[in-house]
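The structure appears right after this line, and notes come after that.
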Amino acid sequence: MIQIAVIFLVFFSQYASGDEDVSVKTTKGQVTGKRITVGINDSTGLYHGTADVFLGIPFAESTAPPMRFQLPLERKPWSQTLLATDWPAACPQDPAQISQEFNANSDKKLPVMIWIHGGAFVFGYAKKFPADGIITNLVNRGVVVVTIQYRLGALGFFTTRTHDFEANLGLFDQLMAFRWVQREISNFGGDAGNVTIFGESAGACSVAFHTYSNISVTQNLYHRAIMESGAAKTCLSGYLYRDQQQSHDFALKLCAKYNFTMAQWNSGNFNNLNTCLNTESYASIVDAQKAGAGVWLVVAHPNSTFLPGTPKQLAEAMGKNRPPLPVIIGTNRDEMVADVGRKIYIIL
């Protein structure tokens, strides 16, 4: 769930061992994590290192009913120390798929990298962030690493194309996490003025969409972008693009027993729909989305606050107000190889 996003200064793997607590005071309350050593300290130094790890720090309020299918809200302060030592639960998706203070160096803040996981916008979670080499490649080179979770499938990308059910909630979740980083990352030794967002597959598409969104790219929340096997156009073009049929087919399938009809959809009467979406279980929602017309994708539409036009239209509309942003774009070898031999979605 998005209410338990993840921040850590190094990946926590099965080879990790934690010996002592570390504590950080954020603007919302005290957080306690673990100082962890990973790997074997042999002559190669490969896959070995020590870092302070914080797991499951919430950046937004719960999206449980009645906040399902609504924009994320900033997390309220907590009064007791938050224990940030366990991975958060994944966002709903098809299952087939003695305390020592943390002392951030105030004289030299470290660059920050925010990872957005892939998974066709229907699966994936923070714990899948690859373990091998993350300490030696990033943390031991002086980088603070943050990974985030966001709503997936219908929960993240269902929309009525109206502000009743805003489009692209999953991207709004990511945006909320970026704002959290700006507010809190200095408490973890990070430099809020030196942030790179990066992702793979759907995560790369997400990065691309942020760079075209006026409410994201113009807010100085990040300063560089890396896209690995994904870009905005690949998630909006041809067969991959789903118009609102994806959403209304899902709504009619899930909410028929609530007397929700196509006539109500067309007239903008969403009372029964709202009751349904905030009553049905997560399992029912995930099951209903599997029978939809295809993959859940990002919506570019005039009524979308996040993407009110195509990337080209948005870039032209921003003009000189669109800040210069260094970007690296690449393609991963063997992309989608895990899907060979089973049903394959074209994207991600």
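The sequence shown lines up with residues -18 to -1, 1 to 330 when you count with mature numbering (1 follows the signal peptide of the UniProt record, and there is no 0). All C-beta atoms, glycine included, are put in the ideal place defined by N, C-alpha and C.
ask   = Buried or exposed: which applies to Leu307, given that a residue is buried once 16 or more other Cβ atoms fall within 10 Å of its Cβ?
value = exposed
task = Output the residue ranges of the beta strand (DSSP E) runs that lie fully inside the segment 86 to 174 and measure 3 residues or longer, sorted by chain position.
result = 92 to 98, 126 to 130
key: Three-state secondary structure (DSSP) of Gln12   = strand
ask   = If you draw a straight line from the C-alpha of Gln12 to the C-alpha of Met244, how long is it?
value = 49 Å
inquiry  = Using CA atoms only, rank isn't needed, just tell me which of Leu289, Cys237, Glu262, Glu210 is closest to residue 331.
reply    = Past the boundaries of the shown model lies residue 331; the chain is included only from -18 to 330, so the question cannot be answered.
ask   = With a CB to CB cut of under 6 Å and the five nearest residues on each side skipped, what residues in its chain are close to Asp146?
value = If we look at Asp146 and ignore the five residues flanking it on each side, its Cβ neighbours are Phe252.
query = First and last residue of the beta strand (DSSP E) that includes Asp316?
reply = First-last for Asp316: undefined, no H or E at that position.
inquiry  = Could you give the first and the last residue of the continuous beta strand (DSSP E) run that contains Thr45?
reply    = Thr45 -> no beta strand (DSSP E), and no H or E assigned at all.
query = Secondary structure at Thr19, three-state DSSP: helix, strand or coil?
reply = strand
request  = Would you tell me roughly how many angstroms separate the C-alpha atoms of Gln62 and Gly38, rounded to the nearest one?
outcome  = Between the alpha carbons of Gln62 and Gly38 lies a gap of roughly 15 Å.
message = Does Ile208 come out as helix, strand or coil in the three-state DSSP assignment?
response = strand
key: Identity of the residues DSSP links to Val35 by a beta bridge   = According to DSSP, Val35 shares a beta bridge with Lys16.
inquiry  = Counting C-beta neighbours from all protein chains within 10 Å, is the total for Arg50 16 or more, i.e. buried, or is it exposed?
reply    = buried
Local Cβ density within 10 Å of Gln227, reported as buried at 16 or more and exposed below that = By the Cβ-count criterion, Gln227 is exposed, with fewer than 16 other Cβ atoms from all chains shown falling within 10 Å of its own Cβ.
request  = Would you tell me roughly how many angstroms separate the C-alpha atoms of Lys302 and Pro293, rounded to the nearest one?
outcome  = Rounded to whole angstroms, Lys302 and Pro293 show a C-alpha spacing of 15 Å.
ask   = Of the choices Asn150, Val35, Gln52, Ala71, whose alpha-carbon is the least far from that of Pro284?
value = Answer by Cα proximity: Asn150.
task = Check whether the Cβ atoms of Ser44 and Phe140 lie closer than 8 Å to each other.
result = No, the Cβ-Cβ distance between Ser44 and Phe140 is not below 8 Å.
inquiry  = Within the continuous alpha helix (DSSP H) that includes Thr193, where are the two ends?
reply    = 184 to 194 is the extent of the alpha helix (DSSP H) around Thr193.
message = Taking the straight line between their C-alpha atoms, what separation do you get for Phe36 and Trp97?
response = 15 Å
task = Just tell me which of Asp68, Lys90, Ala46 has its CA closest to the CA of Asn169.
result = Lys90
message = If we require 3 or more residues per run, which beta strand (DSSP E) segments fall completely within the segment 271 to 312?
response = 309 to 312
task = Give a yes or no on whether the C-beta atoms belonging to Arg133 and Val199 are separated by under 8 Å.
result = no
ask   = Who are the Cβ neighbours of Asp316 in its own chain at under 6 Å, not counting the five residues just before and after it?
value = none
ask   = Is Lys90 near the ligand HEM, going by C-beta to nearest heavy atom under 7 Å?
value = For the structure depicted, the ligand HEM is absent and the ligand set is empty, with no information on it obtainable.
key: Min CB distance Leu65 to chain D below 8 Å   = In summary, chain D is missing from the structure at hand, where a single protein chain is found.
query = How about Val128 and Leu92: do their beta carbons lie closer than 8 Å?
reply = no
request  = Measure the beta-carbon distance from Pro54 to Ala42 and round it to whole angstroms, keeping in mind my assumption that it falls under 8 Å.
outcome  = 4 Å
ask   = Nearest to Lys7 by CA position, among Gln52, Ala297, Ala66, is which residue?
value = Comparing Cα positions, the closest option is Ala66.
query = CA-CA distance, Ile130 and Ala159?
reply = 7 Å
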